[in-house]
Structure formats: C-alpha cells, structure tokens
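See structure below.
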Amino acid sequence: MNISEQEQDIVIVGGGISGLATALALRRKGIKSMVLERSETLRAAGVGIIMQPNGWRALDQLGVAAKLRQTCTEIPSGVFISVAEGKCRESELPLGKGELRCLKRMELMKALAEELPVESVYLGCRAVSILLDPLTSNPLLQLHDGTLIKAKIVIGCDGVNSIISKFVGVNSPKLFSRCATRGFTYYEGGHSFGDKFRFYSSNDVTLGQLPVTDKLVYWFLTRVLTSQDLSDAKKDPAYITKASLEAIKGFPEEIVELVKNTEPNTLYLTELRYRAPWDLVRTKFRKGTVVVAGDAMHAMCPFISQGGGASLEDAVVLARCLSEKLKQAAEGGGKRLVEEALDEYLRERRMRVFWLSLQTYFIGLAQDNTSKVKKALGIAGLILVFGDQTSHTDYDCGHL
C-alpha cells in the first residue's frame, strides 16, 4: 500500500529506541501505528545502553525484558576509583535499589522491532516538514521524496535535532562543554573485570566500565570538548582512540589496554547536547494532536544514564493515556479527547524529566573546571537538592 493513500491514525516519526518502544506500547494496547525511520535500516546511535531498575520496569511492561535479560550480565555493585598521580583510591559506588545491566543497543532495538508487524515500520522515510491542515487542523507530514502523509496523531521520536520538536515550539538543544566516547572491547578468553560497574575519575576525565557478558565490556569516557571533536575527525576510529588514550594517561594499565583493544567499528565520539531543565517546565510540547517523546522532548547529558530509560517510560505512559481516551473517543469528541490524553501524558512526564535533567545539569556544572563559580553551584545543587543521587532509579512508570 502507498503510505500516502489514506489518512493514518498515528504516525511515529523516528525508528530509534523511543519510536519503536512507543509503537510497541501502543500495539500492546491494541492500537495501530506507523513508524517512519529516515535510515534504510534500523540502526542504533551508539553501542551500549545502561539499563537501571526504572528502565527494566518499563521493559517488563513492554513484554521484552525476559528476552533481553538473557543477553547480558546483572551488575550487583559498583566501585568508584579516584586516579591521581598514577595512584588509585577505591570507594563504594552507590547503584540504587534493583536491577542494573548493560545492553547492546542493537539487541534492544531488535527486541522491540521483532514484536511489531513488519508492515508498520517504513525505512528510508525522512520527514522534512510538518504543518496543520487549515481545514481539519490534523497534521500533514511531508517526506523527502515529496510524499504527503495525513495523520490524526503525530508523535515525534526523532531525537535531539527533531523537526517535530521545532514544530511544537521546543527550543534547540544547547551544546555542552564536554564530549563522550563509547566503545565495546571483546575478550576472546573472557575478561577479568568481574560483574562490577567501575567508575574512574581524574581531573577533567571520567571513565565508566561495565560488563555486558563474560567476554564483552562496554566503556564510556567523558572529557573536555575540543574543536577537533566537532570536525569530521570524530568519525575516525584512529582519532577517537588516540584522543581517548591521551585523556587517560596515568590510568591503570588494564584500562589503557581496554581502550587500545576496542573494536574500531564500535567506537563512537559525540558532542553532548541537552535541553535546559527550565525549558522542560515552561514548554508546552504539544501543538494540536502533535506531541514529542524521548530525546525530542528531553535530551540530556548522559551523567546518570537515564536517556534510554526515560524514553521507555515515555512510551508506556503515552500509550496508557492514549488508550484510555481513545476508548471514549469511539463515542464522539475524538480530537478533544486525544488532546486531553496528550496533555495528561505531558503532565505525568514533565516533572519526572525535569528532575532527571536538573540532576544531570548539576553534575555537568560540578565537572566544569573552567569556572569555580559553576563548579561550586553544581556541587551545592547536588548536595542540597539530590541528597540521594540514586533515587532517580526508584521511579515506576506504572502499568500499560
């Protein structure tokens, strides 16, 4: 069927974790949707994703948690390691209460996609603009090839640089002063790191290391952003490796080897972009029956590893709110009830993502060594506002 032949009930723009999870949550409630993904294949932006207790609760609701648990090791404890002048000092790294694992992003994408009808995901469909029909006020999506799609509801899950978020009036994300490198290192004979989350900190550099399986280790590194990191060099595995090794001089030899031996095709270097916490409070995030979710709504720096988990929560809450109102809409008042459902979703999510974003914002300030004032503000904010810095993992998005 030509996708422009008839009006679609729900169109999801973006086939990443957020878009697929939203489509699956709707399907679990008996609601059909169409997913438009700009790439020719499903692809994950990054390699690993840390899934904390709140994320596993959402995955349980989506019905894919059991399958995913078979692909990765549970991580029961953590160690914080301060590195100074070649010496390491260890202390406990609090992890929150519940299940922590590190997933391959593509394993998560596959698990979500396999539960959806093949005909519901359209690849190679890049949305370039959106407007409201002057007669019906319903959304009209234009694709890169000129195709026009009429929809009753559009959900923007199209990431940090979302065209849907611009349409509903969301401010552009801000560039942070740090960048992140991520990679997988494979150990044919098995690694010796055990099942702990290790977090190293030295001056302007932090490095986290987690086991995925007994042979695969995920690591991430944050450091000060340079002009070269914003150039094409960020796509060059040789540059990424060299810059990472420069950053971790003085770290333990096993960590240096971890970075040296990373599989080149798994190396990712990205600048960090975020939406200011106060924007999350004052922005409407909806225009008519168009709404946003995931990074299109709440892009945040990865300092508490909640971007993915929060996107899964969005999916569960949005599907629940829509299904309740769509049942009533069958008796009339459809559009008004849909808008009520979207507002209900935003009410439930707004303060949750505000607190997540505020915590990452304070951590970012605390890591900023260019300004003593900013650093002091970040540390004070964390102490005064976030006494328990793992409480964000306690959140339960509820049942579908």
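Numbering (our numbering), first residue to last: 297 to 696.
Glycine included, every Cβ here is placed at the ideal spot set by N, Cα and C.
Owing to the predicted nature of the structure, the values given are computational and were not obtained by experimental measurement.
CA nearest to the CA of residue i, picked from the options
i: Ser-488; options: Ala-476, Glu-542, Asp-500, Leu-506; result: Leu-506
i: Leu-316; options: Gly-374, Val-414, Thr-369; result: Val-414
i: Lys-556; options: Gly-546, Leu-565, Leu-568, Lys-538; result: Lys-538
i: Leu-512; options: Asn-350, Gln-357, Arg-397; result: Arg-397
i: Ala-572; options: Met-593, Ala-672, Thr-558, Leu-503; result: Met-593
i: Leu-338; options: Gly-312, Lys-325, Leu-322, Ser-329; result: Gly-312
i: Val-331; options: Ser-314, Gln-357, Asn-467; result: Ser-314
i: Cys-597; options: Thr-369, Glu-336, Ser-667, Tyr-657; result: Tyr-657
i: Val-612; options: Ile-327, Gln-304, Glu-388; result: Ile-327
i: Glu-370; options: Val-456, Gly-490, Ser-433, Ile-451; result: Gly-490
i: Asp-690; options: Gly-344, Gln-304, Gly-442, Gly-351; result: Gly-351
i: Ala-407; options: Cys-617, Phe-599, Val-360; result: Val-360
i: Asp-305; options: Tyr-482, Gly-630, Thr-367; result: Gly-630
i: Ala-409; options: Ile-600, Tyr-514, Leu-358; result: Leu-358
i: Glu-784; options: Gly-485, Gly-344, Phe-581, Leu-404; result: An answer regarding residue 784 cannot be provided, because it is not within the stretch 297 to 696 covered by the chain.
i: Thr-518; options: Ser-601, Gly-455, Ala-595; result: Ser-601
Straight-line Cα distance separating residue j from residue i
i: Ala-340; j: Lys-531; result: 15 angstroms
i: Met-297; j: Thr-579; result: Note on Met-297: pLDDT 42, under 50, position unreliable in the model; no value is reported.
i: Val-552; j: Trp-651; result: 35 angstroms
i: Ser-619; j: Thr-585; result: 14 angstroms
i: Glu-550; j: Phe-493; result: 15 angstroms
i: Leu-614; j: Ser-329; result: 13 angstroms
i: Gln-663; j: Gly-546; result: 19 angstroms
i: Gln-685; j: Thr-562; result: 30 angstroms
i: Thr-558; j: Phe-516; result: 11 angstroms
i: Val-520; j: Pro-469; result: 18 angstroms
i: Ile-426; j: Lys-446; result: 10 angstroms
i: Asp-429; j: Asp-575; result: 28 angstroms
i: Arg-645; j: Asp-591; result: 13 angstroms
i: Arg-323; j: Arg-385; result: 49 angstroms
i: Glu-333; j: Leu-419; result: 5 angstroms
i: Ser-387; j: Asn-457; result: 39 angstroms
i: Ser-497; j: Ser-373; result: 17 angstroms
i: Ala-529; j: Ala-423; result: 28 angstroms
i: Leu-565; j: Gln-624; result: 47 angstroms
i: Ser-540; j: Val-649; result: 31 angstroms
i: His-695; j: Ala-606; result: 15 angstroms
i: Pro-548; j: Ala-672; result: 29 angstroms
Which residues DSSP lists as bridging residue i, in chain order
i: Ile-544; result: Beta-bridge pairing links Ile-544 to no other residue.
i: Glu-386; result: Ile-377
i: Cys-398; result: Ile-346
i: Trp-352; result: For Trp-352, which the question treats as bridged, DSSP gives no partner whatsoever.
i: Glu-635; result: DSSP, once it has assigned bridges, lists no residue as partnering Glu-635.
i: Tyr-418; result: Leu-332
i: Ala-409; result: Answer is none; Ala-409 lacks a bridge partner.
i: Pro-507; result: Val-513
i: Pro-242; result: Absent from the structure is residue 242, since the part of the chain shown begins at 297 and ends at 696.
i: Tyr-535; result: Per DSSP, none; premise fails for Tyr-535.
i: Leu-565; result: Thr-477
i: Ser-497; result: Ser-378, Thr-502
i: Glu-370; result: Arg-397
Cβ-based burial, residue i [other Cβ within 10 Å; buried from 16]
i: Arg-478; result: buried
i: Arg-643; result: exposed
i: Lys-400; result: buried
i: Asp-692; result: exposed
i: Val-307; result: buried
i: Lys-621; result: buried
i: Leu-439; result: buried
i: Ala-676; result: exposed
i: Thr-502; result: buried
i: Gly-310; result: buried
i: Pro-435; result: buried
i: Met-347; result: buried
i: Ala-354; result: buried
i: Ile-536; result: buried
i: Val-417; result: buried
i: Ala-476; result: buried
Residue range of the unbroken beta strand (DSSP E) whose run includes residue i
i: Ile-600; result: No beta strand (DSSP E) contains Ile-600, which DSSP labels as neither H nor E.
i: Ala-476; result: 470 to 482
i: Leu-526; result: Element bounds for Leu-526: n/a, residue is neither H nor E.
i: Asp-305; result: 304 to 309
i: Ala-447; result: 444 to 452
i: Val-456; result: First-last for Val-456: undefined, no H or E at that position.
Heavy atom of the ligand PLP within 6 angstroms of residue i beta-carbon
i: Asp-305; result: The model depicted lacks the ligand PLP and carries no ligand whatsoever.
Element boundaries [alpha helix (DSSP H), containing residue i]
i: Phe-463; result: 459 to 464
i: Thr-318; result: 313 to 324
i: Ile-668; result: The sequence given here has Lys at residue 668, not Ile. Looking at the DSSP string, the run of the alpha helix (DSSP H) that includes Lys-668 is 668 to 681.
i: Ile-327; result: Taken as a continuous stretch (DSSP letters only), Ile-327 belongs to no alpha helix (DSSP H), as it is neither H nor E.
i: Val-555; result: 549 to 556
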